[in-house]
Structures are given as C-alpha cells and as structure tokens.
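Going by the working numbering, the first residue of the sequence shown is number 6, and it counts up by one from there.
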Amino acid sequence: MVNKPVISIDIRKMPFVVVLFFYCLGILAGRYFNLLIPSLLYVLIIILLMAFLLLISLCLSKHAVFKTISFVVLYASFSVFGFYGAIKKEPHLQKNYFSNYKAEQLIGIVSDEPVVKEKSIRFPMELAIAIDSVASKKVTGKVMVTVLKDSLQPIKIDYGDKLIFKNKVAEVKPAFNPIQFDYQNYLANKNCWHQALLTSKDYLIISHKSGNPIIDFSLGLRKNLVDKFSEYIPNERSFQIASALIFGFRSSVDQETLASFTNTGTIHILSVSGFHVVLVFFILTLLLKWMDQFKNGKAIRLCLVFIAIWSYVILTGMAPSILRSGIMISFHLFGLWVNRKQSVFNSLAASAFFLLLFDAKMLFDIGFQLSYLSILGMSAFLPLFHLFYQSKNKLINWILDVIYVSIAAQLATLPFVLYYFGQFPTYFLVANLFIAIPAMLIMYIGILLAGASFISYISKFLGAVLSEVIDYTYRGLEQIARLPKASVAGFYINEVQVLFLALSLLFLFIAWNYRSKLMLKLCLFQFIFFLVAFQVQRFQQFKFNGVKFYNVNQHIAIARIHQNKVILLSSLDSLRHSTLQFAVLPDLLTYSDEEDIEFRQLSSNSTFQLDFDSTLNSNFLLWRKNKPEDFLEAINSDKNYMILLDGSNSDRSIAKHTKILNENQLPFYILKNNYAYVYNTANKE
C-alpha cells in the first residue's frame, strides 16, 4: 500500500519550477565564472546556437530522440540566458564603463529613492556622461553616492534628478574584519562597484524627472501620503512604524525601534511584503464577494482586485517582495478567472522567474531570498502542521494557523538567518501571536487613513486611533525583547553548514509528506552532520587564545580573547558606538555575550606597546599617526615586537616605515586597507 502524500507534487504541472531551476543554475554560473568570459560576444553566439538547435529540434520533434533533444536545448537555453543576465553588467565586459575614462566630472541620474540620515543623504546613480578637459563621452555604470549635509545649505535630491558632480569616485572596499557585513558584495549584487563621498559644493542638479515615470509617480504618491501621515499621527515613533508597515518607508525608523522588531522575530512586519498584499487581497475579496451573484460579476470582481493589488504595489515603490506577491496573486486571480486551480509552487516559481528575468542578480539579495523561503516554507509545511490538530472553533484554528505559519516561516529561513545574521529570536512564537491582530488593524486603519486623508476630522480620528494601536503594540514588543535571552546571537554558520541544514529540512518535508522512512533517516543523517560541524566550530572558538587587531580606519579596536572571555580595547567611547557595532561586535558575539564583554577605552593620540599576559607569548607595537620619532629605537628594543601600521598613518609614512622594517628583517603587518590581524597561539605552537 502506497501512502497518499499530503501535498501532491507533480513536476509536469509545475513547468516554471523546472524553468526557474535551470535559469538559476545559469545565474550561479555567471556569478562564479564570469571572469572566464572575456567578451559578451561568446555568450550571444551560444544563445543564437541554442535557438537554432531548438528550432531544428522542434521541427523534428515527431521522433522521440529529437523531442528529448528539444527539451534539453530548451532548458539549457534558460541556463544560458541566466548566465547572460548575471554577467551583462560586469565592468570588465563593458567597453564604455565609466572607470575606463579619466573624467573630471560625471553626469548621472538618481536611480532610487534617496535614504536620508542625520548627517548625510545616500542614493544610487546611473551614470550617463563622463567629462574631461577635452570632450565628453557616453558611459555606463552605477555609483553609490553619499552627500554630507551642510547646516547652511539644505539638501533636496529626489529620484529622477540629473546631477553633474566632481569625479571623487572610488572602488568600494571589501569587508576587512571577521563576520563584518560585506558592503562591497552587497553593492556588487546591485551591479554597483564604486562609491563617491561628496559635499554640497561638489554637485549641481541640472534637471528633474529624468527617471522612470511609473516609479517617479509611485514614489511621489507615497511621499505625499507619508507627509499626510506625519500630519495626522501625533506620536513620532508611531508615525515611523506606520510609514514602514503600510508604505515600506523604513528610512526614518530609528535603530532602537528596528532592534525591538528584529529581536522578537517580527521585523517582517516593517518590511512591506506578501503579508501586506495578502491582507489587501483578503479584505477586497471579502468586501466584493457580493458581486459574484450578478452576470459577469466574478470577472469584474477579479479585475477590480487585480487593479487594486497593482495599485498598492505601485504605491509601495514596487519593492521586490511586493512585486513577488503581486505576480503570485495575479497568477492566482487568472486561475480563478479560468476556473483552473494553480499550484502555489508553480506560481511562486513563476513570480521569481519574471523578477529574475528583469534583474538576475536579485537572486543574491538577502530580502529576496528570505521572502521566497518564508513563503515556500509556509506553503510546504503548513498543510503538514494541520495534521497535528485542527479544532471546530474558528478562533482556535486562527490562533493555531498563526503559530503554524510562524514556525513554518522560521523553519524555512533558519539556515540563511543564521548564515547572514548569526542570531535567532527565541520568543518569535509569542511575538508573532501577539502582533497578529494589531498588525492587521494597523494595516486596515492605515489604508482608511490614506483614502480619507482629504477629510480632516476623519483623518485626525483615524490618526489618533492608529497611533494608540501602534504604541500599544510597540510597548508589548519591547517587553518581549527585554525577556532573558530574547535573541540568541553569535551563531554564524558557514556555507557547508547552510547546505547540511537546508538538506535536512528538505528531507524532513519529503519524509513527512510521503511517510518515507528512508528520507527521515537522511534527514537525521544530514542534521547530525550539521550539529557535528557546528560543535567543532564552537569548540575551536572556545579554544581560541589570542588577540585581534580590527581594521576600524583611524580608530583603535583590539580584542584580547581567551576561552570566551573578551576584553576590548578601543579609542572609541563605548561598545555601543556605531563603528564597533558594525565592524567588531558581530565577531565578538561568537565568543561572548555583549553584556559580558569588558570594554576599556584608550587614548587615540599615541603609539601603543601592548604586552599581554604570559599565555599569549607575544608582544605587539601598534604604530600610529605618522609618528617619526623613536621608530628605530622602538623596533630595536630588547623585546621582539610584532609591529602593526594602522589606518591613521599616511601611505607615504607607511612606505617609509615598511622600507626600514624590511631592511632590519623585522615582522610587521600593514593594517591600513587590509584584513584584520588575527594572532592565535594555537597556530604559533
């Protein structure tokens, strides 16, 4: 007797799953092997050959062999297109890339909504023209521009503005510290490899409205509604949360608020996603259901829902997660219109394929990955969780569904959450159960406020109600975030461990869905592999006895680590400083909890001789700020120092000192524009 699966999976009814698989294979190949392709010409030739072979195969498809060949060529073509999509904007493959010219000035268009911070404004810019002393040339390329604010001259830059600015462009530097967020890789996944730091005197706006008119309209409409919300929502924090939850406008949300949502596993609420689109779809379906009783009423209802969904997609700036949900629901609506049931996996794959067709490198975006994994997890595991228990009471079933959905989403995203963020929200079930009803209320009241913003007295009432609901919700999340061990941090895993954990989840789903003992054994086998690899990594961290000199530019950050006891020496004022939080703390959390790290502040004005305890068996000399005096005396002392030159030294000073150190055959390390220096006694024995 063969057990009937809970979820029927027939690959023949999910063509987009196969297409997406081969397309993603091509994207991955382009990501890791693009340097092997000297020119896009070869890729174009391959595409033409594939198309030619496909045409011949289809013409001769009456024969089984040619029919098989036609499918092979077809799917191989998708891989080639994926490869092309991944490499087409690589700098070394573009003859007109702007960095190939020595330009004095550049002209470009602001290609996304600027992010406004306290001291700066940041935005990506698509370059169009490079200007030198002789002529101007058409160029391609993208630059991430940061403009420092000037108290005397306010900055007003919007999407679609065309700017001319001084060529202060430099390549984005890689991450120089262990587990530091790799900003270079983040921008490269957005086809951006350069950045520029400007002042208000370095640029001039020469025109407006030069971007995509649909995006310009979308962002303009959102900005107007956000301004209305700021007028009618009295509480600043409530306004920030409402703007993020309803419109996806997160740039004004402070770090403390973000931390409360992150540590409770509810940060997805602040990221406009499928959750929000489903709420809009649900309420519209409920309100318009009466139309089905009329002739052609169902078709009209589906069209109205379709228009409303895509209006909301445009309203929120067309973020990838919203586009994904919009496309998915569009497939669902089409299926309802033709009375054909659609596979959720096929719809999910179709939405991903069309998004990646537009931008192949979106595959490497963290938000894109987590968004799809969470929906995939809910679609796969929710029907299986329903086997546990279902009540006849609708309220109990609703509570159970909230719990099941939270577990399914966290389970599916767990490998990548640990890989990217190294932390896990312990009370995510409690937090998601707590926020479920308030989030729906905030969403619906917010939509009413947006629609009634032209009626003052109604808007004031709705704004006051919305502010109270958000304030209550936030205070509740704060209490959950303050519980002991609300967020377990420092559990970063590597790519191999991600693979082990992901395979164990895949085998768990197959074993559960098909009642397969073999797959259950494979699941346990893979999970044991993951646990062993993870424990070996943790044991190595516990055994670490050494010192780390972090690269924090002109500042100092030195960690003495011995058996999970951490002492941090820094010229910055506290461990809460943004530089330490970004560049140093992620690594330290793999050894100790933040509250257990001992912080000692150092002066930044002198060179340091660091003579640690006898268990380290080494001494260090940190040479700083171009200090010329006593250098020879210091390096010729009776102590055998490891000499480090940090980012406070000029390139000229470093070259001078390096020459002296080489002549005296002394050990040294240049910390400036280089990876952190890590000394481990275990590697020196």
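Glycine included, C-beta positions come from ideal geometry on N, C-alpha and C.
Residue range of the unbroken beta strand (DSSP E) whose run includes lysine 548
It is not in any beta strand (DSSP E) - lysine 548 instead sits in the alpha helix (DSSP H) that spans 522 to 548.
Hey, how far is the Cα of glutamate 690 from the Cα of histidine 560?
Caution is warranted here: a pLDDT of 49 is assigned to glutamate 690, below 50, making its placement in the model unreliable, and the coordinate value is therefore given only provisionally. Whole-angstrom Cα-Cα distance: 31 Å.
Have a look at glycine 35 and alanine 469 and give me their C-alpha separation to the nearest angstrom.
52 Å
Please indicate yes or no: does the CB of phenylalanine 433 lie closer than 6 Å to some heavy atom of the ligand MN?
Ligands displayed in this structure: none; no statement on the ligand MN is therefore possible.
Where methionine 6 and serine 521 are concerned, what is the direct C-alpha to C-alpha distance, given to the nearest angstrom?
Residue placement at methionine 6 is poorly supported in this model, since its pLDDT is 40, which falls under 50; the coordinates are not used for a value here.
Roughly how many angstroms separate the alpha carbons of isoleucine 219 and valine 318, rounded to a whole number?
11 Å
Bridge partners of glycine 113, per DSSP?
Leu132 and Leu168
Residue ranges of each beta strand (DSSP E) run of no fewer than 3 residues wholly in the stretch 188 to 269, ordered along the chain?
199 to 203 and 208 to 212
At 4 residues or longer, what runs of the alpha helix (DSSP H) sit wholly inside the stretch 393 to 479?
399 to 426 and 433 to 456
Counting pairs of beta carbons, one from the stretch 206 to 215 and one from the stretch 437 to 450, are three or more of them closer than 8 Å?
no
I'd like the list of long-range same chain contacts for aspartate 155, defined as Cβ closer than 6 Å, with 5 residues on each side in sequence excluded.
Cβ within range, chain order: Ser205.
Evaluate serine 583 with the Cβ neighbour count: other Cβ atoms within 10 Å of its Cβ, from every protein chain shown; 16 or more gives buried, anything less gives exposed.
exposed
Looking at the strands, I want to know which residues DSSP matches up with alanine 564.
Partner(s): Lys553 and Leu573.
Looking at glutamine 484 and phenylalanine 421, is the spacing between their C-beta atoms short of 7 Å?
Taking 7 Å as the cut-off, the Cβ atoms of phenylalanine 421 and glutamine 484 do not count as close.
With respect to the alpha helix (DSSP H) encompassing glutamate 603, which residues constitute its N-terminal and C-terminal limits?
Note, glutamate 603: premise wrong, no alpha helix (DSSP H); beta strand (DSSP E) at 603 to 606.
Classify valine 139 as buried or exposed, calling it buried when 16 or more other Cβ atoms lie within 10 Å of its own Cβ.
exposed
Looking only at its own chain, which residues have a Cβ that is under 6 Å from the Cβ of leucine 289, when we skip the five neighbours before and after it?
Val310 and Ala313
Between leucine 25 and alanine 357, is the Cβ-Cβ spacing less than 7 Å?
For the pair leucine 25 and alanine 357, the CB atoms are nearer than the 7 Å cut-off.
Can the beta-carbon of arginine 743 be found closer than 7 Å to that of leucine 328?
The structure shown does not extend to residue 743, since the chain is modelled only from 6 through 690, so no value can be given for it.
Euclidean distance between Cα positions of lysine 94 and glutamine 415
34 Å
By the 10 Å Cβ neighbour count, where 16 or more other Cβ atoms means buried, how is valine 537 classified, buried or exposed?
exposed
Quick check on DSSP: helix, strand or coil for tyrosine 646?
strand
Indicate whether leucine 423 and phenylalanine 496 have their beta-carbon atoms separated by less than 7 Å.
yes
Given a threshold of 16 other Cβ atoms within 10 Å of its Cβ, counted over all protein chains shown, does isoleucine 246 qualify as buried or as exposed?
buried
Closest Cα partner of asparagine 217 within the set Leu590, Lys9 and Val115:
Val115
Under 7 Å between the Cβ atoms of leucine 590 and serine 265?
For the pair leucine 590 and serine 265, the CB atoms are not nearer than the 7 Å cut-off.
Where lysine 553 falls, given that 16 or more other Cβ within 10 Å makes a residue buried
buried
Return helix, strand or coil for phenylalanine 336, following the three-state DSSP convention.
helix
Between the alpha carbons of isoleucine 136 and leucine 307, how many angstroms are there, rounded?
52 Å
In chain order, what residues of the same chain lie with their CB nearer than 7 Å to the CB of leucine 453, ignoring the 5 residues before and after it?
Leu467
Using the beta-carbon count (16 or more within 10 Å), is alanine 175 buried or exposed?
exposed
Measure the Cβ-Cβ separation of histidine 567 and asparagine 550 and say whether it is below 7 Å.
yes
Nearest by alpha-carbon distance to tyrosine 164: which of Asn196, Tyr191, Phe128 and Asn172 is it?
Phe128
Let me check understanding here. Comparing Cα to Cα, which of Gly113, Trp198 and Asn196 lies closest to aspartate 166?
Gly113
Which residue's Cα is closest to the Cα of glutamate 131: Lys124, Val148 and Pro119?
Val148
CA-CA distance, tyrosine 449 and leucine 30?
Looking at the backbone, the Cα of tyrosine 449 and that of leucine 30 are separated by about 41 Å.
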